[in-house]
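Number of protein chains: 2
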Amino acid sequence: MERVPILKIGDTLLVSIQIDMEDQVALQLQEDLAERIVATGCGGVIIDISALDIVDSFVGRTLATIASVSRVLDAETLVVGMRPAVAITLVELGLSLPGIRTALNVELGMEMLARDHGDSEPDDTAMQDGDDAAVSAP
Amino acid sequence: MERVPILKIGDTLLVSIQIDMEDQVALQLQEDLAERIVATGCGGVIIDISALDIVDSFVGRTLATIASVSRVLDAETLVVGMRPAVAITLVELGLSLPGIRTALNVELGMEMLARDHGDSEPDDTAMQDGDDAAVSAP
Numbered sequence: 001m002e003r004v005p006i007l008k009i010g011d012t013l014l015v016s017i018q019i020d021m022e023d024q025v026a027l028q029l030q031e032d033l034a035e036r037i038v039a040t041g042c043g044g045v046i047i048d049i050s051a052l053d054i055v056d057s058f059v060g061r062t063l064a065t066i067a068s069v070s071r072v073l074d075a076e077t078l079v080v081g082m083r084p085a086v087a088i089t090l091v092e093l094g095l096s097l098p099g100i101r102t103a104l105n106v107e108l109g110m111e112m113l114a115r116d117h118g119d120s121e122p123d124d125t126a127m128q129d130g131d132d133a134a135v136s137a138p
Numbered sequence: 001m002e003r004v005p006i007l008k009i010g011d012t013l014l015v016s017i018q019i020d021m022e023d024q025v026a027l028q029l030q031e032d033l034a035e036r037i038v039a040t041g042c043g044g045v046i047i048d049i050s051a052l053d054i055v056d057s058f059v060g061r062t063l064a065t066i067a068s069v070s071r072v073l074d075a076e077t078l079v080v081g082m083r084p085a086v087a088i089t090l091v092e093l094g095l096s097l098p099g100i101r102t103a104l105n106v107e108l109g110m111e112m113l114a115r116d117h118g119d120s121e122p123d124d125t126a127m128q129d130g131d132d133a134a135v136s137a138p
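Heads up: the protein sequence lines correspond to chains Y and D, in order.
So the first sequence is numbered by this note's numbering: it starts at 1 and just counts up by one.
So the second sequence is numbered by this note's numbering: it starts at 1 and just counts up by one.
Quick look at the structure:
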């Protein structure tokens with residue numbers, strides 16, 4: 001099975017999606033990412049989708065799930081590199097990726113994450129005692 | 001046709017190879033990379049191959065060509081993320097990727113490039129000096 005590699009750069013995990021997001025690949029990526037966030041303590045996740053011609057509802061939902069899981073683990077998710085045509089199609093399909101922050105490219109995304117972290121501490125209470133924290137994805 | 005996306009991070013271009021390197025894909029990547037190096041003036045290229053199970057002679061040659069083209073354009077190429085099994089197979093096949101510098105992962109690779117640029121102007125002949133290139137995968 002194909003696996004999407006996760007690259008660590010400073011305090012950020014970078015994922016470049018290039019292959020078709022079938023069910024198994026998407027699930028594996030979610031698991032791998034969650035594990036890497038916990039293992040590395042990274043505060044940011046950047047998902048580059050510049051290689052994708054199409055973002056359908058499944059991919060959209062996958063991205064939303066990743067963002068929610070990351071948030072619970074105290075990491076911020078940014079989707080970067082969306083092609084103009086993809087953005088247009090998404091909106092035409094009624095998928096506006098609610099709850100997902102975007103940036104134009106990886107570099108701007110990393111700046112955005114750095115600014116967020118430099119500005120202020122995120123105000124949600126740390127999820128250290130996360131075992132019984134019943135967190136519902138938005 | 002598939003295209004491998006090229007991500008710019010600071011003074012470095014990052015390429016994560018995840019799909020099979022068929023002839024057209026490899027050629028396209030070489031062209032795209034050369035164009036991006038010229039367009040951005042980046043001094044470093046990092047190629048992540050952590051997703052590859054196999055590096056055969058064609059991929060090895062492609063990497064070598066990319067490194068040579070980059071060098072001519074005054075950019076340094078690093079191959080990172082090689083799996084241990086890939087390294088073993090490469091050596092068993094008699095392919096030791098001459099002229100290609102390696103690092104264990106993207107983060108170490110970026111540090112290495114930053115150090116090189118901070119230290120001095122890299123001169124082409126430094127390439128084959130064993131010491132510098134000694135950080136290859138185990």
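For each residue, glycine too, the CB sits at the ideal point set by N, CA and C.
Because the structure is a prediction, the values reported are computed rather than measured.
- Residue burial is scored here from C-beta neighbours: residue 91 of chain D has fewer than 16 other C-beta atoms within 10 angstroms and is therefore classed as exposed.
- In this structure residue 98 of chain Y is exposed. Its beta-carbon is surrounded by fewer than 16 other beta-carbon atoms within 10 angstroms.
- In this chain, the alpha helix (DSSP H) harbouring residue 31 of chain Y covers 23-40.
- In the DSSP assignment, residue 48 of chain Y is bridged to Y:16, Y:80.
- From the listed residues D:47, D:38, D:43, the smallest Cα separation to residue 5 of chain Y is found for D:47.
- In this model, residue 77 of chain D and residue 13 of chain Y are separated by some 22 Å (Cα to Cα).
- Each of Y:61, Y:2, Y:34, Y:82 was checked against the Cα of residue 105 of chain Y, and the nearest Cα belongs to Y:82.
- Residue contact with chain Y for residue 116 of chain D: absent (no Cβ-Cβ distance below 8 Å to any residue of chain Y).
- The beta carbon of residue 8 of chain D sits closer than 7 Å to the beta carbons of 40, 42 from its chain, once the five residues preceding and following it are set aside; these are given in chain order.
- The beta carbons of residue 86 of chain D and residue 63 of chain D sit no closer together than 8 Å.
- In the DSSP annotation of this structure, the continuous segment of the alpha helix (DSSP H) that includes residue 66 of chain Y starts and ends at 57-72.
- Residue 5 of chain D belongs to the set of residues whose beta carbon lies under 8 Å from a beta carbon in chain Y.
- By the CB criterion at 8 Å, residue 17 of chain Y and residue 73 of chain Y fall outside the cutoff.
- For residue 18 of chain Y, the nearest beta carbon of chain D is closer than 8 Å to its own beta carbon.
- Relative to residue 15 of chain Y, the option among Y:115, Y:71, Y:66 whose CA is nearest is Y:66.
- Judged by their CB atoms, residue 79 of chain Y and residue 34 of chain Y are not nearer to each other than the 8 Å cut-off.
- In this structure, the straight-line span from the alpha carbon of residue 21 of chain Y to that of residue 55 of chain D is close to 24 Å.
- Rounded to the nearest angstrom, the gap between the Cα atoms of residue 117 of chain D and residue 94 of chain Y is 47 Å.
- Following the DSSP letters along the chain, one finds residue 95 of chain Y in no beta strand (DSSP E), marked with neither H nor E.
- A distance below 8 Å between beta-carbons, with the five flanking residues on each side excluded, links residue 2 of chain Y to the following residues of its chain, in chain order: 19, 25.
- Contacts between residue 54 of chain Y and chain D, judged by CB atoms closer than 7 Å, are missing: the closest CB pair is about 13 Å apart.
- Contact of residue 107 of chain D with chain Y by beta-carbon distance below 9 Å involves 7, 8, 9, 10.
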